[in-house]
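Chains as they are written, first to last, in my numbering: chain S, 10 to 456; chain U, 14 to 644.
C-beta: ideal position from N, C-alpha, C; glycine also.
Note that the coordinates shown come from a computational prediction; the quantities given were computed from them, not determined experimentally.
One structure is given here, and the rest of the page talks about it.
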Amino acid sequence: MNEKTGLPGYKGEALEALKRINAEIGDLIRITKDGTRFEGILIPRSEYGDDKHVVLKLKNGYNVGIRITPSTRIEKIGEGAKPAFSPPPPPEKRGDLPKVVVISTGGTIASRVDYRTGAVRPALTANDLYSVVPELAEIAQIEAKILFSLFSENITPKHWRQIAEETASHIREGVEGVVIAHGTDTMGYTAAALSFALQNLPVPVVLVGSQRSADRPSSDAATNLIGAVKAAAYAPFAQVAVAMHADFSDKTILLHKGTKVRKCHTSRRDTFKSVNAKPLAKLDLETGAITMLTREFKERDPKRELVLKPKFEEKVALVKFYPGMNPAVLDWYVDSGFKGIVLEGTGLGHVGNYCFEALKRAVREGVIVAMTSQCIWGRVNMNVYNQGRDLLALGVIPLEDMLPETALVKLMWVLGQTGEVEEAKSLLTTNFADEFSPRTLPEKIGE
Amino acid sequence: MPVDYSRLGLKVGLEIHQQLDTSTKLFCNCEPALFKEEPEITFLRRLRPTQSELGQIDPAAFFEFQKGVKILYEADTNTACLVEMDEEPPHPLNMEAVETTLTVALMINATPVDEIHVMRKTVIDGSNTTGFQRTCLIALGGEITVNGKKIPIEHVSLEEDAARKTGQEDKTVRYRIDRLGIPLIEIATAPVIYSPKEAKQVALAIGRILRATRKVRRGIGTIRQDLNISISEGALIEIKGVQELELLPLVVEYEVQRQLRLLEIQKELKKRGLDEKGLSEEFVDVTAVFQQTRCKVISRALSRNMRVLAVRLPKFAGLLKRELAPNLRLGTEMADHARFWGRVGGIFHTDELPAYGITSEEVENLRKAVKAEEEDAVVFVADTMENGEDALKAVVERARQALKGVPEETRAARPDGTTRYMRPRPGAARMYPETDIPPIKITREYVEALLKRLPELPEQKLRRLMKEYRLNEKLARQVLDSEYFELFEEIAEKTKASPTMIAAFLTETLKALKREGVPTENLSNDKLIEIFCMVGNGELAKEALEEVATWLSKNKDATVKEAIEKLGLKMLTQEELEKIIDTVVSENAELIKQRGSRAFAPLMGMIMRQVRGKAKAETVSQILKRKLEKP
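Right, dumping it as structure tokens:
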């Protein structure tokens, strides 16, 4: 990016040519080349583009790239009109509606397009949100808060802590619900983290994202956000949940328990699935009705006192076993001072016997080693085969039907609460936020 | 009296859209094909108008969104994947399609861009699952010469075809996404066409160039012409989706006529002393008038608790039934607006009543209820309050426009050459970059390589047709101008049928059949090839061609074999034929005795009457000669 010159994305020859004529993004430019004349508005260039082309938006709306050669003539023929956006006046706040805070961590849940340059600008304030998704004004009184603007893969346990603290402060101020806008890639991890960090919740905390960017008319962002705000304001449960599309249609938003949800598809709207559990509730976008899908949920109770436990120990690893895995990887973690290792074993919870020595050493040195399954669906059971029984004997802790990602987050949280190995083991196997389900039900897995 | 188009200031620009014959779609690996069966998957979506920094919003699109219009998409897994469903980002641009588009651009001397940038053109009527159509400019400028006149080309672009609408039920529009993503080349001419005839000639010339690449799809629906038409006093009208070349002149003629008639109505309204203030959105609930009605549409609505809502259009009496074009009256225009904005099935107006079971007494009471004078017209609808109000608002708005003359709008072409209101004209093209697809460089070396292997131009082709297939110039031109050029070559190469016969059949017989109302579009290329194969092999008489083609057109799903059996056109075996000839000969022994060899002609006639279409005349003649010589 070349912010200073006002020519983002341009470099090398193209940048020089534009600098010579004092051009800025949005200016009207004329390029004459081999007898052909191109006139249009100067557009920013992708950072990954080469240094030889200038991009113009022609009068007919199309962008084209024109190669700058020694014989090219380039002129500035007009200053660009600065984009003027006058949002519609914000709807009147209805004092009778529940208060919901929308905390943004990144990912654009709502945005506008600058058709002049193609830039997409996120909606940042509550008024922006209302003007992009006007339906929200009919649902709740919204307070919008930007915590950070991060791609979700850049979110770490430090950020979980900040999100938890921010959420807690709003809940203590008495909001009826909290919505957290989050990039979808690691939203499942954050949902699990908040499930442990925010205990004894009085109101719902709903994470929401989108699989199709908010700048397109078909985006799922607005409908997911409407669903999330509605659930935060009115749902009868007081738990951490993820609100996303139930299927291909803009009809139903599912609310998944924060500890039981996983991103299962790279691109589909219904990428989030409840694993080894039923979704908490569903919300009909047409009628607005929220239907609970399970009887086992914690009811909303504004009088309940929130308990905030936001500390996470980062020296915990999630290790996926694969045929031929080099056990030295496990040694490295132990040598590097890691305090916990969650294994993603095969089938009912196994790893090759060539890893046993390394695991034995880890346990001996006070590292907590726990077992989940890479099958994703189902429950580990290490009593069925010898290999499993051997692992149990080594001190590996089976984590029932807990998702590997949830197990990682939980072990980080447990070790954030205590340094005592035995206490940590006991916390790890205690059910805090429905991370264990007592029964495995015959749910559908894939199609 | 012929219309003087130049005096009217007619200006027409053409936009030709032609599907390219690629092996996969433009942005994914699906087969570019349509399906007829029930959909395997359906899903319901809403498209939300995205806000622009410029604060522009497409009013029609925003209206539909506010009214809660939903789209039900139909898909099957052979013709669509997650990309068409907008559940997966697009794959890289199909380079086969880019190459064909570049080839066409170079054939018309357009200048390719150095770097292709795929854009998103906002379209939220549901025809694109994403809410935008992906499109990219491939080349600028260029020109073609038609009858010695240079027609400048504005641009050549490549875009994805849209989903096809399959129905609408109240607020739910149905679209099938099989067609979505099929590559389309778009060629836009400058508005320099000045007569209906010229519109067709220009389209024809562009069509020939496209077909010369041999990389375009054929058949109905694969080419669509959009026009923009204006006359000095009228307005710029965009007409979408003319599927047949033959229709172009008629579409232009009708549109000019429509604009002239609207101008006459405007004059008449002014003469009657109507001004804009005279028109108001005062709707009257006239349900009581129709409590006992025998009108089925209204009584059905009333039984569903709907209301009848009416509005008075002052000084419009008699004008709503004014014909603007065949089957198109001002009342039709209002009904179309009401359907679009109010989702109603249609409207009633006093210019067409009493009719449809509505009595003159009811009309009288209706007029009283809205206080209509004799010069006034009354328009009413039977629907829900919400739809009824939206519909009548649209009617009043259209009446206001009548006072101003011709409203700018987008219209849809119909198979008879007339057009119907489709939607208001969208604002400036609202395009922004498709960030999921990186720009594609067009190198000089690539362009030079393409220039070296440009396909044969239409004039060269004409000469080749005459030389290679020995067609006379008239037939050769006909073939070149028809949509059957490639099919002609294919049949001529694959079968033993005579090229002249094939050419005449494709360019003359089929046209004649079509004129008689035979749905020849049902004839697939494969069936035509099969028929000519049989003719070439002597299994089917060429005299039977027309009959077989007609039958197959009318029986879309039948096979050629079935046609021949049903029509009793199976060629007679040598044995059967000899038997028939023997019978005729023996029955006419007297004649033969009297006239000797001169009996040949009458006998031939008698036999051919019996076996026409089932035997070749040459064969009959040979056998008959032999029989007559022998006895």
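Against chain U, with Cβ distances strictly below 8 Å, would residue i count as a contact?
i, result
"residue 100/S", "no"
"residue 57/S", "yes"
"residue 236/S", "no"
"residue 71/S", "yes"
"residue 80/S", "no"
"residue 28/S", "no"
"residue 356/S", "no"
"residue 217/S", "no"
Of the residues the options, which one's Cα is nearest the Cα of residue i?
i, options, result
"residue 517/U", "533/U, 527/U, 487/U and 531/U", "487/U"
"residue 310/U", "447/U, 393/U and 578/U", "393/U"
"residue 356/U", "91/U, 451/U and 396/U", "396/U"
"residue 219/U", "208/U, 28/U and 577/U", "28/U"
"residue 614/U", "627/U, 119/U and 638/U", "638/U"
"residue 645/U", "289/U, 16/U, 248/U and 526/U", "This structure cannot speak to residue 645/U, because chain U is shown only from 14 to 644."
"residue 280/U", "258/U, 473/U and 247/U", "247/U"
"residue 8/S", "33/S, 307/S, 79/S and 433/S", "Outside the displayed range of chain S (10 to 456) lies residue 8/S, so it cannot be described from this structure."
"residue 156/S", "362/S, 196/S, 112/S and 330/S", "112/S"
"residue 213/U", "237/U, 113/U, 126/U and 513/U", "237/U"
"residue 36/S", "63/S, 29/S, 73/S and 85/S", "85/S"
"residue 101/U", "89/S, 274/S, 28/S and 179/S", "274/S"
Using a beta-carbon distance below 8 Å, is residue i in contact with chain S?
i, result
"residue 100/U", "yes"
"residue 132/U", "yes"
"residue 444/U", "yes"
"residue 424/U", "no"
"residue 30/U", "no"
"residue 76/U", "no"
"residue 418/U", "no"
"residue 56/U", "yes"
Considering only residues of the same chain and omitting the five flanking positions on each side of residue i, which have a CB-CB separation below 8 Å?
i, result
"residue 68/U", "Because residue 68/U sits at a pLDDT of 49, beneath the cut-off of 50, its placement in the model cannot be relied upon, and the following sentence gives the value as read from the coordinates. So the list is empty, once near-sequence residues are dropped."
"residue 180/U", "186 and 187"
"residue 13/S", "Caution applies to residue 13/S, whose pLDDT of 44 falls short of 50 and renders its modelled position unreliable; the model cannot decide the point."
"residue 182/U", "none"
To the nearest angstrom, how far is the alpha carbon of residue i from that of residue j?
i, j, result
"residue 361/U", "residue 135/U", "35 Å"
"residue 622/U", "residue 537/U", "31 Å"
"residue 376/S", "residue 343/S", "7 Å"
"residue 382/S", "residue 356/S", "6 Å"
"residue 65/S", "residue 17/S", "14 Å"
"residue 413/U", "residue 421/U", "13 Å"
"residue 471/S", "residue 334/S", "The question about residue 471/S has no answer here: the residues shown for chain S are numbered 10 through 456."
"residue 19/S", "residue 53/S", "7 Å"
"residue 258/U", "residue 30/U", "12 Å"
"residue 24/S", "residue 60/S", "7 Å"
"residue 377/U", "residue 308/U", "15 Å"
"residue 154/U", "residue 123/U", "5 Å"
"residue 588/U", "residue 594/U", "10 Å"
"residue 449/U", "residue 147/U", "11 Å"
"residue 223/S", "residue 352/U", "31 Å"
With a 10 Å radius around its C-beta and 16 neighbouring C-beta atoms as the bar for buried, classify residue i as buried or exposed.
i, result
"residue 298/S", "exposed"
"residue 363/U", "buried"
"residue 266/U", "buried"
"residue 209/S", "exposed"
"residue 253/S", "buried"
"residue 464/U", "exposed"
"residue 184/U", "exposed"
"residue 477/U", "exposed"
"residue 304/S", "exposed"
"residue 423/S", "buried"
"residue 233/U", "exposed"
"residue 474/U", "buried"
Grab me the residues of residue i's own chain with a C-beta within less than 6 Å of its C-beta, minus the 5 sequence neighbours each way, in chain order.
i, result
"residue 230/U", "32 and 34"
Could you name the residues of the same chain whose beta carbon sits closer than 7 Å to that of residue i, not counting the 5 residues immediately before and after it, in chain order?
i, result
"residue 49/S", "38, 65, 66, 67 and 68"
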